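Just below is one structure, and these are the notes that go with it.
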Amino acid sequence: MALSFAVGAYSSPIIMCKVANVNNNSHMQDLSYIKRAAEISDKSAGFTSPHPNFGCVIATRSGEVAGEGYLYAQGTKPAEVLAVEAAGERCRGATAYLNMEPGDCHGDHTAVSALVQAGITRAVVGIRHPLQHLRGNAIRALRSQGLQVDVLGEDMQSKLVEEARKECLLVNLPLIYRAASRVPFSVLKYAMTLDGKIAASSGHAAWISSKLSRNRVLALRGRSDAIIVGGTTLRRDNPRLTARHGGGHMPIRIVMTQTLNLPEEANLWDLSEVSTIVVTQRGARRSFQRFLASKGVEVVEFDILNPRDVMEYFHDRGYLSIFWECGGTLAASAISSGVIHKVFAFVAPKIIGGKNAPTPVGELGMVEMSQALDLIDVCFEQVGPDMLISGFLQPIPDLTPTIPSEDETFAIDPTVDPFESSIIFFYKTWDPYGAFSNFSPHPIQMPDEDGNYATWSSIEHYYQASKFIGVGDPIAQDCIEKIKLAKSPEEAARMGRLTQRQHPNLVRSDWESVKIDVMYRALKCKFSIYPHLNSMLLSTAGSVLVEASPHDLFWGGGREGEGLNYLGRLLMQLRSEFLGESSSASESTCLAL
Ligand SMILES: NC(=O)C1=CN([C@@H]2O[C@H](COP(=O)(O)OP(=O)(O)OC[C@H]3O[C@@H](n4cnc5c(N)ncnc54)[C@H](OP(=O)(O)O)[C@@H]3O)[C@@H](O)[C@H]2O)C=CC1
Ligand SMILES: Nc1c(N[C@@H]2O[C@H](COP(=O)(O)O)[C@@H](O)[C@H]2O)[nH]c(=O)[nH]c1=O
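When the letters of the sequence shown are read in order and numbered with our numbering, they come out as residues 258 to 850.
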């Protein structure tokens, strides 16, 4: 489950606030130094394995730069420590500018301690840490040590602030997309002729783009963890897929092949500079798998080879960013699976023609122009004779934990600060907060239409049966009884959903308008009659609660934060009511939801 994303993070109206009382010069200085921190944070890109980019600029009270530092590689000295060392005594009373909230890689808050001990009195932070477990920790720690901490977009807002914030987002895009989508940040790159071909009809493609463009590609490769091609590109081009010549970081090479029908002689089997991983269909050409293993090439089998499963696999292996240099067949499959975030298209002023010449993206199943995917934040750049067009296929995720939205959060539960809160996910009953699930084995007692109380084995039993309560049909009555006797919440859910689908006429006509209230009352009962559940709920005060169901987009948060999370909302509302933080108005809010 990912966090919630507000689409069009940059299109919302900019509110001017809190800057009015700040001297304009110092405000402009803040923005210029935060941009500098973002700029230097990117300095190691292409030289070390990709990692979060951290930069720190320390400026004295009079506005002079006293020291700078950037993280060279993971496991090396934090940017803040380097900047403090460079600034020395001039840190006293100075301001530290950080493009991103520090993480805590060493487990001892090295970056925070360095700033505090050096005597820094103020920090300006570009963006909070995108990773949920680190988010907000360093900012809280700095504030608790008495530093003033201003976060762009939270404590400082203006159009210029938003521009500076975007620069901070851009230098850490891979980490941000990865945190939000649970797959590595993926860039699809191709070179095509002016008539839209990535090779001649014969398959020959060397070269479409100019030397200058291809050098740019080498640098782009160096910013990635891995480069992917499909089986046909390997068979046709026999590529090397190495990055910048003469040093620098080398990305791993990945070949995606269903058939494993690949040649024994291939540049990618030469592992002298960097290794290659072949991902394939389970059971494909076992003898060739043995051959690859003898060469040192790793083979990973998938039950069903598709770009999403492959990307989730590489996410779990820790990959941050992937560069796709495949042909149109695999590119179409990757775009359809929703794993491509950004596109780099080099367009060469050449025409090759050819009815069957390959094109950059194969079949997407679209039939009307209205279905075309629009790129976001498009950039045009001339590279030698070619034009480089780049843009995003998915908006930059807004990692503010706003489930529900930032504005709604306070209304639902005043204990939750949308910027400071952590998110507690629950789903399966064996999860740490599994008792919040409607499938948890906690019977409830609910009144029927005549006010007589009946016991239901779980909230799920009661909720599913409620769909058919009050309907005059005896089959509906029978269905209620069967759901009530269901041996497990799963069975109750299955029966309720199936009957609703097959016999929609048996569902009470006002179900859509009452279902939230039905759930609210059931939850209120559950969390009132079990003291330990009540304590567990209250112990989460200040956190956003999200039901991590990847399928249920109404009660759950969805796979990528696209769900409405009504179960989480109701639990937060109840928590707030139990804590006495909201008046009886909350109950009417619930009824009105
Ligand atoms: N100008 C440019 O930028 C580029 C040009 N090219 C050119 O493109 C041509 C090759 O294009 P194309 O055939 O599209 O090559 P691809 O790189 O897209 O390879 C397609 C192959 O990828 C493998 N594959 C594995 N999983 C999947 C999946 N889920 N969906 C789709 N394919 C999968 C299959 O390999 P298998 O058959 O082994 O099972 C499939 O046949 C060549 O002429 C090459 O020169 C290629 C890359 C860039
Ligand atoms: N033809 C073509 C590209 N093709 C891509 O480059 C790969 C070859 O990489 P290498 O062996 O490392 O030089 C090839 O397999 C394909 O993925 N790229 C471009 O920038 N411009 C071009 O005109």
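Where a beta carbon is used, it is the ideal one built from N, C-alpha and C, also for glycine. Given the structure is predicted, the values throughout are model-derived calculations rather than measurements.
| What did DSSP end up calling Pro-704 once you bin it into helix, strand or coil? | strand
| Does ligand 2 have a heavy atom nearer than 8 angstroms to the CB of Trp-526? | no
| task | Please work out which residues of its chain come closer than 6 angstroms, Cβ to Cβ, to Val-764, disregarding the five sequence neighbours upstream and downstream, and give them in chain order. | result | Lys-724 and Gln-757
| Between Asp-361 and Ile-509, what straight-line distance do the alpha-carbon atoms span, to the nearest angstrom? | 27 angstroms
| task | Closer than 6 angstroms by C-beta to Gly-820: which residues in its own chain qualify, once you throw out the five before and the five after it? Chain order, please. | result | Leu-810, Gly-813 and Gly-814
| Span of the alpha helix (DSSP H), counted from its first residue to its last, around Glu-522 | Run containing Glu-522: none; DSSP gives neither H nor E here.
| Alpha-carbon spacing of Leu-430 relative to Leu-288, whole angstroms | 20 angstroms
| query | Is the beta carbon of Leu-645 sitting closer than 9 angstroms to the one on Glu-638? | reply | yes
| message | If you reduce the DSSP assignment to three classes, tell me which class Arg-379 lands in. | response | strand
| message | Tell me whether Ala-589, by its Cβ, gets closer than 8 angstroms to a heavy atom of ligand 1. | response | yes
| message | According to DSSP, simplified to helix, strand and coil, what is Asn-563? | response | coil
| message | If distances are taken between C-alpha atoms only, which option among Leu-388, Ala-395, Leu-432 and Ala-380 comes closest to Leu-409? | response | Ala-380
| Bounding residues of the beta strand (DSSP E) (the contiguous stretch that carries Val-418) | First-last for Val-418: 416-428, but that is the alpha helix (DSSP H), not the beta strand (DSSP E).
| Beta-carbon spacing of Asp-634, Ile-653 below 9 angstroms | yes
| field | Simplified DSSP assignment, three categories, for Val-624 | value | coil
| With contact counted as at least three CB pairs below 8 angstroms, one residue from each stretch, are the segment 295-304 and the segment 322-329 in contact? | yes
| query | Hey, how far is the Cα of Ile-384 from the Cα of Val-322? | reply | 21 angstroms
| task | Compute the beta-carbon to beta-carbon distance between Ile-701 and Trp-713, rounded to the nearest angstrom, for a pair I have assumed lies under 8 angstroms. | result | 5 angstroms
| request: May I have the straight-line CA-CA distance separating Tyr-719 from Leu-780, to the nearest angstrom? | output: 11 angstroms
| field | Bridge-paired residues (DSSP) for Glu-804 | value | Phe-683
| Given Ser-401 as reference, the closest of Leu-417, Ser-370, Met-752 and Ser-694 once Cα atoms are compared | Ser-370
| Going straight from the alpha carbon of Val-486 to that of Ser-529, what length do you get? | 19 angstroms
| Any non-hydrogen atom of ligand 1 closer than 8 angstroms to Ala-448 Cβ | yes
| request: Determine the DSSP secondary structure at Val-279, reduced to helix, strand or coil. | output: At Val-279, the pLDDT of 49 sits below 50, so the modelled position is not reliable and the matter cannot be decided from this model.
| said: Could you check if Ala-733 belongs to the surroundings of ligand 1, using beta carbon to heavy atom distance under 8 angstroms? | reply: no
| query | Do Leu-469 and Pro-606 have their C-beta atoms closer together than 9 angstroms? | reply | no
| said: Taking 9 angstroms as the threshold (C-beta atoms), are Gly-453 and Pro-617 in contact? | reply: yes
| task | Give the single residue among Lys-416, Tyr-447, Asn-822 and Glu-558 whose Cα lies nearest to the Cα of Val-512. | result | Glu-558
| field | Assumed close pair Val-600, Gly-648 - CB separation to whole angstroms, cut-off 8 angstroms | value | 6 angstroms
| task | List the whole-angstrom C-beta distance separating Gln-546 from Ile-669, where the pair is believed to meet the contact cut-off of C-beta under 8 angstroms. | result | That belief does not hold up - the Cβ atoms of Gln-546 and Ile-669 are roughly 54 angstroms apart, past 8 angstroms.
| field | Beta-carbon contacts of Thr-352 that lie in its chain and below 6 angstroms, excluding the five residues immediately before and after | value | Ala-316 and Arg-379
| said: Looking at ligand 2, does it come within less than 8 angstroms of Ile-864, judged from the CB to the closest heavy atom? | reply: Residue coverage of the chain in this structure runs from 258 to 850, which leaves residue 864 outside it and unanswerable.
| query | Do you know how far the Cα of Val-535 is from the Cα of Thr-516? | reply | 11 angstroms
| task | Using 10 angstroms around the beta-carbon of Ala-743, count the other beta-carbons present and answer buried if the total reaches 16, otherwise exposed. | result | buried
| field | Gly-540 versus Asp-707, Asn-472 and Asn-518, residue with shortest Cα-Cα distance | value | Asn-518
| said: Out of Arg-574, Pro-615 and Met-568, which one is the CA nearest neighbour of His-598? | reply: Met-568
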